[in-house]
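Some notes on the structure that comes next.
Numbering (this note's numbering), first residue to last: 1 to 201.
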């Protein structure tokens, strides 16, 4: 992929998505120049790897062998760690959250909420917890950091560092949705076989 060209990244992503279209979300995920192959069994994984490598060969696309990793049981990608257990928050991001100092401006609150919000699917009732902080980023609201905001900030840091491992849902199996609503917010949890797939609020 040529660097420095304005649309190089978008063109490359478009190419990769077209090349792997038949396999996307079946056993392939493509993000920029990362190709992730996932499978339920080792036998299927062997087959899936062969397909991906064959497609690359047919389309005359090349991967540097020293940048490739095969047969991993755990993969870190886009701030998440995916394994046979499920998906969890990347421990390096947890460290960043723990080290975050209390915001002193609206832009610092936005930055914190940006990182924290990226992981809100791991946190039950995220929007209710974050409400005292999101209130301060509204236009016309003066920045006044009170005990209420500090408690919300500390609580979000705590729950994010204790975030559960979310399971990968299995297609064909039943889902259960639990929902709740109040004057402050609404939310739900999507579960499969008693295990959390995702939270939303």
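Note that beta-carbon positions come from the ideal geometry of N, C-alpha and C, so glycine has one too. Predicted, not measured: the structure shown is a model, and the values here were computed from it.
Between the region 75-82 and the region 46-59, the count of Cβ pairs shorter than 8 Å is below three; the stretches do not touch.
Of the candidates 172, 174, 159 and 173, the residue whose Cα lies closest to the Cα of residue 199 is 159. In the three-state reduction of the DSSP assignment, residue 82 falls in the strand class, which pools E and B. In this structure, residue 171 sits away from residue 186, with a CB-CB distance that is not shorter than 9 Å. In this structure the region 148-155 does not lie against the region 58-77, because fewer than three pairs of beta carbons, one per stretch, are closer than 8 Å.
The closest CA to that of residue 139, considering only 55, 8 and 110, is found on 110.
In this structure, the beta-carbon distance from residue 163 to residue 119 falls below 9 Å. At a cut-off of 4 residues, the continuous stretches assigned as alpha helix (DSSP H) that sit fully inside the region 61-110 are 91-99. Taking all protein chains shown into account, residue 126 has 16 or more neighbouring C-beta atoms within 10 Å of its C-beta and is therefore buried. Under the three-state reduction of DSSP output, residue 163 falls in the coil class, being neither helix nor strand. For the pair residue 42 and residue 54, the Cα-to-Cα distance works out to about 18 Å.
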